[in-house]
Amino acid sequence: MRILSSAALIGIDSCPIEGYDINNVEDLLEKEGILDKTKFGVSVMAAFGYRTNNPREKTRQSIDKITEWIE
59 MRILSSAALI GIDSCPIEGY DINNVEDLLE KEGILDKTKF GVSVMAAFGY
109 RTNNPREKTR QSIDKITEWI E
């Protein structure tokens, strides 16, 4: 099972992160002593945490209310 789905199953929210500069991220992690760039690299990133407030109830209208079926 994917890690994002697994986190959701135990009540942890997650968000995949994209659009980052991989070289800058790897340089920062190496500078902080977290990553050895000669052995590993960053392929994906995700943020994990607990929500502050519960989500609002969905307000979607039924498809029959917003659609006109023409035969």
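In terms of the working numbering, the sequence shown opens at residue 59 and continues consecutively. For each residue, glycine too, the CB sits at the ideal point set by N, CA and C. Just so you know, these numbers come straight off a predicted model, no measurement behind them.
What three-state label does DSSP hand Ser101 in the structure shown? coil
Just to confirm, are Leu93 and Pro74 a CB contact at a threshold of 9 angstroms? no
Alpha-carbon to alpha-carbon, Lys95 and Lys89: 10 angstroms
Option nearest Asn81 by Cα separation, candidates Lys116, Ser64, Lys123 and Val102: Of Lys116, Ser64, Lys123 and Val102, the residue nearest in Cα terms is Val102.
Which value, in whole angstroms, describes the spacing of the CA atoms of Glu115 and Lys123? 19 angstroms
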